[in-house]
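This report concerns only the one structure given below.
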Amino acid sequence: MLLDTHKISLIYDFWKLNNEENYLHDVTELLRKLTESDTIDAEYIRDWVPDLVRLVELWEKQSLTELDKFYADLLTDNSFSDKVDALLRFLYDIQSYEMVKYLLEKNVEHYKKDKIVSSTMSAFHESCIYGFSQVCLLFIRNNQDVNESFSLIYQNFKTNKKETVRNLTGLQLVCLWSKYFPKRLVSYAHTARILLNNGAQVNMTSTESTTPLHWACRARHTIQIAQDLIEHGACISAHDQLNIQPIHYACWARNQSLIELLLSKGAKLTDEDNFGRTPIHFICMPTYVEAINTDDQQQQCDLMKFILNKYEKNSHLIDLKKEDSQGHTLIAYACVSQNLPLLEILLEKQTELLNKTTIDGRTPLMIAIDECFVNGIEYLLKQPGVERNVCDITGNTAIHHACMCTNTSMRESLLHLLMDNTNGTFDLEKRNEQLIDPFMLCTVNQSIDLCRVLIEKNVSLTKKDLYSRQPIHVACQMGNYDLVSLLINSPNVNINAVDDNNRNCLFYAISYGDEKIVDLLLENNITIKIRDRVGDTPLHSAVQHKTNAFKLTNSLLTKQDGKDLINEPAADGMRPLLLAAEYKQPEVIYLLIKNGANVKAVDGEHQTALHIACRSDCMKCAFYLIEFGGLNVNELNCYRQTPIFHAFAANDFDLVQYLVSCGAQIDVRDNQNYLPLHMGIIICENEEYNLNLIDLYKNKHEKLLDDHNNECHMTPLILACMQGKFNVVKHLILNYKVNVLAKCSNGHTPLHYACLLKTQKSLEIVQFLMDHGCTYDKVDQPKGTFLFTVAQHGDRAAAMFFINYWLKQSPNINEVHYCATILDLLFDRANIQHHDIDTKHLRGLIEKGACLFTSKLPTFPCPLINDCPAFYLILLEYNCVSIVDKHKFIFQILHSVATHPHNFLLLNSKDKEFITVCEYFFKIAQLAHYNYNIEHFYSLVDKYCFPQLNAEQPSEQVEILRKQLDSLRSTPLKLSEIARKLIRIKVDLPTKEKFQQMDLTRYLTEFLSQSTF
């Protein structure tokens, strides 16, 4: 064997040879005798003996490949997250050190695979986490650096976010993990000593500047480790990132012995952390990790008594009045800890803190109420001078705090405790900043039991909140039937009280949607004939309710006053029937018609309910209005549109077909001479328009599919191209042979509109039109107008498509299109479309000889700097002849950039390519340096540009730019670079093709035409 596994072999042999049914019990008993593992581990091992034995068998056979695979399966077995830990501890306890060392290495490989540790973590660190001192020794004897650090990613249970702990060493890991395994403290303490004796840095800090001593002071049982650290020079007053010292943690752990040790070494009880908390605050604080218990509370008291006794004659060394940064005193923390003896001790020493408030204005009494600290509340109420009606920062009193206590089961008891106190009285009607009194607060929280308690105390039930609502309004809005019933039956509640919008509680009940509450209000004779400030009645609100409109409407119509509202218009002219149609409520429409609603009512645009139902795409509503209301399907609105126009726009073939069957006309025209089909194609948002709607025009009305007798001469095909409805385009051309060269009143064809379309289907429609006769040559009338329009205003892909198409057809790249070359058009596009330019395509055009038609570049280029800064870079790189005074032009660009109010410029909108203003500035400066001779360039930049840059741009970016320019200025040009500059300045268009025409060598051509930066 490669290791001494005598003890575990006994288990293995026993397991292998035993065939009795009770073998598992016997094996477990033997295991218990051979190990000193934790009770929990022993229980786990009982169930995992087969896995344990399998590990040992593979190890003894040195079947490492099979062992690795089996162990990896154990590591990834999420159903038993503690299995590997228990097995490793058992193997260590029976002294199988080499095997444990090997398996720990596999642990680390697993962590690194899941990327939860840095690459510097080793099995040595893992052995420290487990407190395996003898395995640590094996690594140390193999020249392990005990101070080697690594990083660990873990899930913060408080924030539920992944956080990283950096710079962890073996000693820190021992101190950290020893807190969680008190039964294995001996092993952890031994490991710590080994590390310290082998040179571990005792004051090494990890994330948040935490030292090993910080970790060791966080538990009561780790005092031995803390003592060892101090003996080896641990800094007593070390501050972590929050300025917390070891003494703070020792007080939080209630570790009196450790506190005495730290105090004897010079620690102070008056030192504060970043939140103003002294170690004494930490004594009074609850642990937050575990629920506070009586033992912890007793330890708090004992420790406080020890402190008070120790410093009785030197009281200046402790400060019992000290507040933290949130205004919490020791008494406040005693209330949070729910520790009555501690509270008594502190109040006996500092009676003036009885009513001391925190920053948010809470008194100790309020804090005790919030924590449901009943004994503390009773004690505080007995104290002479306790303030009962003081308000916190939001205006809430102690009564408010009792009514909104997070422990809902305790609210009523707390409220009774306060109100029944005989030592003083509370104001039960005081309102906070939101004008909410305790009763309104209980109403909002739907605490009906508390409401009953307050009603018994005869509190006012009619006070309004900030939104002018009374409790009866809020109860109806919350939909709490029992609470509404309680209020209705209470004295001094006016069921017809209105808010500032003139709405009574019936409006609020309808908005919630519970017809039972509405019926309850109606039974108690609530006013129905009432209008709010916008002119709506309760019936208007009921018919448009999303989920329960029918029952709410039916409840109102059971009363005559409700029926009287059936034809009442709101302020905007909308009647209940019209609203029901708009909100797709067919059953409500039937109910209203049945109860005498005027079906011919119209809105402000003279639209009937049928118009509105079709606009809402509700077939059932239209059916009820036609069949039971008898509405005319060809009724015109103020735009001379019939309901079928809306049905076409809704893309609903069934609805259109039903209207046609009822006599609706599809050849009717509105006041702009558009057909229903025109409006459907224009308004419908669905790109896949229902082709059956087009086929309705087949035969009798087929000519209308090419109709252009409207104001703008728009045919259905043109409209389909404009709206990107490719299926309509194909259907009209393939099945009805419509005119593909039709022109609108602006002279644009379907191809024009397809190019202007800003969707992915633009090129598909373009290609289809060209394949079916709508070609570039046919639509380019007068010549050059088509590319003039598309290059400037068209979709990016379509514009590039036709520029390339035109280049294949035309031998002259500088052909004029309406007084503009292709470069002029792209320049205008950059102005119009903002950042929409393909720089690679632009360079390709210039390389082919593209020029501007005239000198149209302004001297002051501010507008284009924001629109397309990349355009200027390329023009300057290619020595654009249209820029007459290039030196002045460059300085105007730099000035424009220096005054730019934002930190970034967008170079390319397609690829979302951004550049900082300072980076762009440097690119222009490089062009000026390598390509142009500008006198006093750098001094002028320093004088006129940097003051503006300092005012507008981040200082760190400006500093980088300054260093880059200094480097550029101090680096003289090579002779070859000077020659290249002189030659490029003299050449109108320094492109590669131009230099090739000069019959230069290949090397010289490449050198002269290459990019300079």
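Just so it is clear: in the sequence shown, position 104 is 230 by the working numbering, and no numbers are missing. Yeah, the Cβ is synthetic: ideal placement off N, Cα and C, and Gly gets one too.
Beta-bridge pairing by DSSP links valine 728 to Thr734. As for any beta strand (DSSP E) of minimum length 3 sitting wholly inside the region 176 to 247, there is none. A Cβ-Cβ separation of about 4 Å places glycine 661 in contact with alanine 696 under the 8 Å criterion.
Secondary structure at isoleucine 1041: strand, using DSSP grouped into helix, strand and coil.
Looking from the CA of threonine 404, the closest CA among Ile418, Asp450, Gly755, Ser390 belongs to Asp450. A contact between stretches requires three or more CB pairs, one per stretch, nearer than 8 Å, and the region 255 to 262 meets this requirement with the region 214 to 225. In this structure, DSSP gives arginine 292 an extended state, which the three-state scheme calls strand.
The C-beta separation of glutamate 641 from asparagine 674 comes to about 6 Å, placing the pair in contact by the 8 Å criterion.
Note: leucine 1032 is bridge-paired with Phe1040 in the DSSP secondary-structure output. Counting the other Cβ atoms within 10 Å of the Cβ of valine 864 gives 16 or more, which makes it buried. According to the DSSP assignment, arginine 922 belongs to the alpha helix (DSSP H) that extends over 922 to 935. By the C-beta density criterion, cysteine 945 is exposed, having fewer than 16 other C-beta atoms within 10 angstroms. Contact between leucine 951 and leucine 968 is absent: CB atoms are separated by about 11 Å, not below the 8 Å threshold. When the beta-carbon positions are compared, leucine 1053 and isoleucine 1016 come within less than 9 Å of each other. In the three-state reduction of the DSSP assignment, serine 667 falls in the helix class, which pools H, G and I. Under the DSSP assignment, tyrosine 306 falls outside any alpha helix (DSSP H); it carries neither an H nor an E label. Taking all protein chains shown into account, valine 854 has 16 or more neighbouring C-beta atoms within 10 Å of its C-beta and is therefore buried. In terms of CA proximity to isoleucine 349, Tyr314 leads the group Asp366, Tyr314, Leu830.
In this structure, Gln603 is the residue among Gln603, Asn627, Arg659 with its C-alpha nearest to the C-alpha of leucine 647. For the pair leucine 781 and aspartate 743, the CB atoms are nearer than the 9 Å cut-off. Given a length threshold of 4 residues, each whole run of the alpha helix (DSSP H) inside the region 818 to 861 is given here in chain order: 842 to 849.
Cysteine 461 has its alpha-carbon roughly 11 Å from the corresponding atom of proline 467. Here the alpha carbons of threonine 413 and tryptophan 341 stand approximately 15 Å from one another.
Here aspartate 626 has Ser594 as same chain residues with Cβ atoms under 6 Å from its own Cβ, once five neighbours each way along the sequence are excluded.
Shown here, phenylalanine 754 sits in coil according to DSSP, grouped into three states, outside any helix or strand. Distances from the alpha-carbon of cysteine 740 to those of Gln767, Leu717, Ala723 put Gln767 closest. Residue pairing for phenylalanine 276: DSSP places it in a beta bridge opposite Leu294.
Listed in chain order, the alpha helix (DSSP H) runs fully inside the region 463 to 514 are 466 to 475, 490 to 496, 500 to 507, counting runs of at least 4 residues. Taking C-beta atoms as the reference points, cysteine 343 and alanine 379 count as a pair closer than 9 Å.
If one requires a minimum length of 3 residues, no beta strand (DSSP E) run lies completely within the region 639 to 695. Isoleucine 621 is positioned such that its CB atom lies no closer than 9 Å to that of asparagine 584. DSSP places glutamate 538 within a helical segment (H, G or I) once states are collapsed to three. In the DSSP assignment, isoleucine 351 falls within the unbroken alpha helix (DSSP H) covering 349 to 357. For arginine 557, the secondary structure class from DSSP, reduced to helix, strand or coil, is coil. Per DSSP, leucine 592 is not a residue of any alpha helix (DSSP H), being assigned neither H nor E. In the structure shown, the three-state DSSP call for lysine 869 is coil.
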